[in-house]
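Reviewing the structure listed below.
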Amino acid sequence: MKKFASALTAAALTIGAANTSSAGQVEVLHWWTSGGEAASINVLKDLMKKEGHTWKDFAVAGGAGESAMTVLKSRAISGNPPAGAQIKGPTIQEWGDLGFLTNLDDVAKAGQWDQVLPTVVSDTMKHDGHYVAAPVNVHRVNWMWSNPEIFRKAGATIPTSWKQFLVEAEKIKAAGFTPLAHGGQAWQDATLFEAIALEKGANFYNSAFVDLSDKTLRSEDMIDVFRTFRAVRDYVDAGFSGRDWNIATSMVINGEAAMQIMGDWAKGEFTAANKRAGVDYLCSPAPGTHDTYTFNIDSIAMFKIKNKDNQAAQKDLARLILEPEFQETFNLNKGSIPARLNMPRDKFDSCAHSSMDAFVATSAANTLLPSMAHGMSTPAMAQGAIYDVVTNFFNSPSMTPEKAVDVLARAVKSSL
Ligand code: GAL
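Below, the structure written as structure tokens:
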């Protein structure tokens, strides 16, 4: 890691200044390639084109961006980072520490970002007190998406606890459907695991995934979380391994599977398939997590680049991201809610309204929590350690929950 960091720092120093003229080009790295995701990023491409700039798309497929981050590191090491990259949470701090990110304070001041953003969002966008990234949205991660037709046919009801989930899943299985649509990729396993852990409450969650407390990672409650995780595993279909998240969502859309535990980017897929919230599909908080909200803020961090025109285009990009027009249209497609406060709500559906209300309520109750699975709660190394243990356990029927917590606590400790 140290070697990698010094290679990056050396590369950062070679990125200097500038030449002149007007329309510029922005190269933007992202991993938004599913139907709903692509429709969302197209909104930004079109707005930049309207400003007269050229958009150079740098899409690296792969849910949750694991592959995108690997590609970004190699581009940065070679001294040629893109103008903007989708980087989130504590990872913004890591890139800022290495000296790669550019200062956006002038754009932020003109657009009054300090006033229009909730503090939990603006804090994440700053490095050393200076804006270096622009937030596009807030995703709620602890959602369950379900197919009401399957529930009807199976005589099942939407579960509000993980214990009840197991009961309803059994009915759905008996009726010949796959209870849980899931893709066996480390980040999806972590998304499911995080939702199960969340039922233990905000204190437990913070202690485990923010403070990384050894005691909590080894606790009876954590053993119980692994136990439930194992039990839920019985309700995914045989073909889950390696499946992309949006393919899992399509199983719910097509009436093959009853439920999916996934952040509200899944809603982008329902929207792209012309399905209506509350009619064709239902959204409800993941079982037992009604009073909590795991958040995932997507943002474009801006890198230091050489060309003056491209620098100007980069500032336009940052400005446009915060403007109400983008915040509304992007989020209608993406399934998330605007990062910007006081936006009109009328075009958003009932799931988005419920997310907006829960964001405010949980923020007041201190149960608004950063998603571990989506890189908001820990530095990348600790997140990677948790991913490894969780996914290993999911795929190793002989590993006991007691053993899993021991491996988890050790893996987290050695990542710090
Ligand atoms: C998340 C990201 C979302 C969505 C999802 C699946 O980490 O924040 O915007 O794209 O991955 O790719």
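Quick note on the numbering used here: the sequence shown kicks off at 48 and runs consecutively. C-beta atoms are modelled at their ideal positions from N, C-alpha and C, and glycine is treated no differently. If you're wondering where the values come from, they're calculated on a predicted model, not measured in any experiment.
- Ranked by how close their Cα comes to the Cα of Asn-357, the residues Cys-398, Thr-376, Met-428, Met-95 have Met-95 in first place.
- Between the region 162–179 and the region 303–312, the count of Cβ pairs shorter than 8 Å is below three; the stretches do not touch.
- Looking at Met-419, Asp-284, Val-407, the one whose alpha-carbon comes closest to that of Pro-137 is Met-419.
- Following the DSSP letters along the chain, one finds Gln-162 inside the alpha helix (DSSP H) bounded by residues 160–163.
- Ranked by Cα distance from Gly-83, the options Ser-401, Ala-320, Leu-416, Ser-410 are led by Ala-320.
- In the three-state scheme derived from DSSP, where H, G and I count as helix and E and B as strand, Phe-373 is classed as helix.
- A direct Cα-Cα distance of roughly 7 Å separates Glu-316 from Asn-293.
- Between ligand 1 and Asn-354, a heavy atom-to-CB distance of less than 7 Å is absent.
- For the set Ser-397, Leu-388, Asp-284, Val-436, the Cα lying nearest the Cα of Ala-216 is the one of Asp-284.
- Measuring C-alpha to C-alpha distances from Met-269 to each of Glu-98, Ala-86, Ile-433 identifies Ile-433 as the nearest.
- In this structure, DSSP gives Leu-388 a state outside helix and strand, which the three-state scheme calls coil.
- Measuring C-alpha to C-alpha distances from Gly-382 to each of Trp-190, Glu-196, Asp-144, Gly-289 identifies Trp-190 as the nearest.
- Put simply, the region 440–451 touches the region 269–279. At least three CB pairs are less than 8 Å apart.
- Looking at the DSSP output, Leu-329 sits in a beta bridge with Ser-193.
- Contact between Gly-335 and Ser-208 holds: their C-beta atoms lie close to 4 Å from each other, under 8 Å.
- Note that the region 443–452 does not touch the region 245–260; fewer than 3 beta-carbon pairs, one per stretch, sit closer than 8 Å.
- Rounded to the nearest whole angstrom, the CA to CA distance from Trp-192 to Phe-212 is 13 Å.
- Gly-109 places its beta carbon less than 8 Å from that of Trp-78.
- Inter-residue distance for Pro-165 and Arg-387 is about 7 Å (C-alpha atoms, whole angstroms).
- Here Gln-361 is buried. Its C-beta has 16 or more other C-beta atoms within 10 Å.
- If you draw a straight line from the Cα of Asn-194 to the Cα of Glu-375, it comes to about 27 Å.
- For Thr-225, the uninterrupted beta strand (DSSP E) segment begins and ends at 225–227.
- Inter-segment contact for the region 336–345 and the region 142–162 is absent: fewer than three beta-carbon pairs are separated by less than 8 Å.
- Remark: the C-beta of Asn-189 is outside contact range of ligand 1, defined as less than 7 Å to any heavy atom.
- Here Gln-133 carries a strand assignment [DSSP, helix/strand/coil].
- For Ile-294, the enclosing alpha helix (DSSP H) stretches over residues 292–300.
- Excluding its 5 nearest sequence neighbours in each direction, Ala-85 has C-beta neighbours in its own chain below 8 Å: Trp-79, listed in chain order.
- For Lys-156, the enclosing alpha helix (DSSP H) begins and ends at 152–157.
- By the 16-neighbour rule on beta-carbons within 10 angstroms, Thr-117 is exposed.
- Annotation for Thr-101: no alpha helix (DSSP H) segment contains it, though the beta strand (DSSP E) segment containing it runs 101–106.
- Taken through DSSP and simplified to helix, strand or coil, Pro-444 comes out as coil.
- Remark: C-beta atoms of Ala-348 and Ile-219 do not approach each other more closely than 8 Å.
- By the Cβ neighbour-count rule, Ser-81 is buried, with 16 or more other Cβ atoms within 10 Å of its own.
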